[in-house]
Each structure stands twice: as C-alpha cells, then as structure tokens.
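Taking my numbering, the leading residue of the sequence shown gets 125, the next gets one more, and so forth.
All C-beta atoms, glycine included, are put in the ideal place defined by N, C-alpha and C.
These numbers come from a predicted model, not from an experiment.
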Amino acid sequence: MYKLFFVFTFLALNLGMNAQNVIENLKKNPNISWHQTAVISFHTELGQAAKAIQLSKDSRKNVVIKHQMPRRLDRRFQDFGYHKFASKMMTEAFWGQAQNKCYADPQLSQLISVEELNKKLAVIDTMIIFDQETGEEIVHVHQTTKGANHISHFKLFVCYAYNSKTENFEVYPISIAPVDGSFNSLGELISEEEMFWIPVNLQQKINPNQKNLEWIQWQEMGCYFKDTEGLAKVGMRQLANLPAKVKARQAKTEAAMRYGEAISPERLKLLQKLKAKDIQGLYFSYLLAWDKKKEQLIMEIEGHAPLAHNGPIYFIQK
C-alpha cells in the first residue's frame with residue numbers, strides 16, 4: 125500500500141452553515157485550487173453484523189473501509205439501543221425539537237418542520253398476539269413513527285479541497301442523514317430513503333473520555349471519483365512535496381488505527397514513480413461521536429490519504 129500527505133485547516137463550520145457557504149468561502153480563498161463534494165454511504169455496525177451489510181455491489185463506490193470503537197461505553201440494561209448510533213437522533217425527543225434543525229437536503233438549505241417530519245416518519249406497525257384462553261391470533265395495527273430499528277445506514281455529505289499555498293488537502297464534513305434501507309437475501313442494498321439531514325459539528329480535537337459523549341466510533345472512509353483530472357493534478361503537486369514531509373516525519377505508511385510507520389527511503393522512491401492516473405480518490409480517518417448534552421453530532425478528522433485502485437497511497441495524520 126502507498127500513502128499520501130494531508131494536513132488541513134478548518135473553515136468556520138458552525139452548526140447551520142450550509143454547503144453553499146462552505147463552497148463560497150473556498151472559492152473566495154485564492155489559495156484553494158481545487159474542491160469537490162461527495163456523498164458517502166456508511167454504517168456503524170461491528171463484527172458479524174457489519175459483514176452482512178453491502179451498501180454497494182461496486183467495492184470502489186463510497187463505503188466504509190473499517191471502523192472500531194476506541195473505548196467501551198457503559199451499557200445501560202434498560203436501554204437496548206444505547207450503543208446504536210441511530211437511537212441518538214431517531215427519537216421524537218430529538219427531531220421533535222425545532223431548535224435541532226433537521227433539513228430536507230444535504231446542502232442544509234431547506235429546513236423541515238416538526239409537522240413535516242411527523243408525516244415523513246409516520247409508519248404503520250403491526251403486532252400479532254395470541255389469546256391465552258382460545259389461542260386465537262389477534263392482530264393489532266397502530267400508527268407510530270420510525271425509530272432506530274428502521275435505520276440501516278447513514279450518508280455523509282463532505283466537501284474536499286486542496287490548498288496550493290500549504291500543498292495540503294482539506295476536508296469539510298457538512299451534514300449527515302439516517303437512512304432506511306431495504307436489502308435482499310444476500311444483504312445487498314436494493315432501495316433506500318433518507319429520513320432527514322442534520323449538521324456536522326467539526327472539532328479540532330475530541331476527548332473520548334468526556335462525560336457528554338454518549339456514543340463514539342473510530343472510522344475510516346474511502347471515496348473514489350468518476351472525474352479524477354482535477355484531483356490527480358493537485359495530488360501530483362502533493363506528491364512532489366512528499367520528501368519534505370517524510371523528512372519532517374509527518375508522512376506515515378498508514379493511518380494510526382492501522383499502526384502506520386514512517387515512510388522509508390526505499391518506499392519513498394517507489395511512491396515518486398506514481399503517475400497522475402494512479403490517484404483516483406480520497407481517504408480519511410476520523411472520530412464520530414454524539415454529544416448528549418448539546419444533542420449534536422461531532423467529528424474530528426484525524427488524517428487523509430489519496431486512493432489508488434488498491435487502497436490508500438500514503439497517509440498524514442494531523
């Protein structure tokens with residue numbers, strides 16, 4: 125595997141700042157020579173449950189590569205969904221509050237009212253019980269709203285950019301959506317519906333031990349682009365600057381969660397032989413967490429890498 129150097133800066137990404145604001149800020153920055161948005165599908169299941177979920181038949185499409193819990197949270201017996209990420213936002217206690225601002229689109233340009241969400245999330249549940257005396261089957265039908273058990277995966281809307289002054293890639297997660305997906309007997313996704321979009325609160329550093337965090341997961345994602353011309357051009361600029369990053373011990377062979385090591389002189393020589401066509405996408409590792417007190421989704425980007433056809437090329441942790 126080859127790896128690439130990414131260091132990033134932060135825009136003023138406050139909750140409620142939509143994609144247009146982010147993109148306009150990038151366009152106004154004379155140092156930004158390339159930017160592109162992407163929607164990445166991912167799930168938060170672990171172990172055997174994760175293996176059963178196939179969000180795409182094409183392994184090159186936007187999917188989670190690997191994820192794990194960085195620490196164990198206390199499990200509450202009375203809360204079956206305590207470790208389920210969807211349970212944090214798929215409750216009326218969350219989306220039923222106007223101040224939490226749920227949106228109809230990933231660009232965060234169209235708010236959804238509580239009344240509209242009630243209609244959108246309405247579902248008919250059927251419960252079958254048996255009469256204890258007669259054994260007769262009794263069917264109860266009632267209307268309720270979709271909850272965490274209806275959510276199979278999520279979508280993340282991000283904007284990537286390249287800063288020609290620092291020769292660094294930057295990434296700006298903007299919004300996330302819980303998704304109700306249907307799968308066939310092989311576990312392949314056949315249909316999906318986004319429930320709503322909420323802002324992502326990007327932080328420079330997340331303390332995984334702070335008491336406000338009710339859920340946290342360490343993930344890494346890869347996103348391949350159909351049009352790679354712009355990405356490849358700036359990626360080659362980054363590659364030309366790699367020896368200085370290796371000398372400064374900033375470049376790693378892999379992400380921290382994969383125990384990356386310093387790039388050796390031999391590996392550096394191999395990396396310098398790469399061509400523009402070899403750079404086909406971007407990869408990043410991050411912490412995803414839920415702040416119970418603020419009722420916010422928070423994220424810390426840990427590092428980035430360009431993607432070749434067989435995975436990340438080389439990696440720089442912030």
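Contiguous beta strand (DSSP E) elements confined to the stretch 310-338 occur at 313-318, taking only those with 3 or more residues. Residues Trp219, Cys226, Phe320 of the same chain have their beta carbon placed closer than 7 Å to that of Leu241, with the five preceding and five following residues left out of the count. In the three-state reduction of the DSSP assignment, Lys376 falls in the strand class, which pools E and B. Counting C-beta atoms within 10 angstroms of its own C-beta, Pro323 has 16 or more neighbours from the protein chains shown and is therefore classed as buried.
Annotated three-state conformation of Ser211 is helix, per DSSP.
Taking C-beta atoms as the reference points, Ala228 and Ile275 fail to come closer than 8 Å.
About 7 Å separates the CB atoms of Met423 and Gln327; that is less than 8 Å, so the two are in contact.
If one requires a minimum length of 3 residues, the beta strand (DSSP E) runs lying completely within the stretch 334-413 are 337-348, in chain order. Here Met360 has Ala400 as same chain residues with Cβ atoms under 6 Å from its own Cβ, once five neighbours each way along the sequence are excluded. Comparing alpha carbon positions, the residue from Ala372, Gln267, Ile437 closest to Asp402 is Ile437. Taking 8 Å as the cut-off, the Cβ atoms of Leu421 and Asn325 count as close. Taking C-beta atoms as the reference points, Asp255 and Thr268 fail to come closer than 8 Å.
It is roughly 27 Å from the alpha-carbon of His266 to the alpha-carbon of Asn224. Of the residues Thr168, Lys244, Leu150, Thr161, the one whose Cα lies closest to the Cα of Trp342 is Thr168.
By the beta-carbon neighbour count (other beta carbons within 10 angstroms, threshold 16), Glu294 is buried.
Bounds of any beta strand (DSSP E) do not take in Lys152; it lies within the alpha helix (DSSP H) bounded by 143-152. Excluding the 5 residues flanking it on each side, Ala386 has same chain C-beta neighbours closer than 8 Å at Val370, Arg373, Ala375, Lys376, Thr377, in chain order. One Cα belongs to Lys393, the other to Ala356, and the distance between them is close to 19 Å. Burial state of Ser165 is buried, judged by a 10 Å Cβ sphere holding 16 or more other Cβ atoms. Taking a C-beta distance under 8 Å as the contact criterion, Cys283 and Val146 qualify as a contact pair. Burial of Lys270 is indicated by the presence of at least 16 other C-beta atoms within 10 angstroms of its C-beta. Lys279 places its beta carbon less than 8 Å from that of Glu318. Per DSSP, reduced to three states, the secondary structure at Leu431 is strand.
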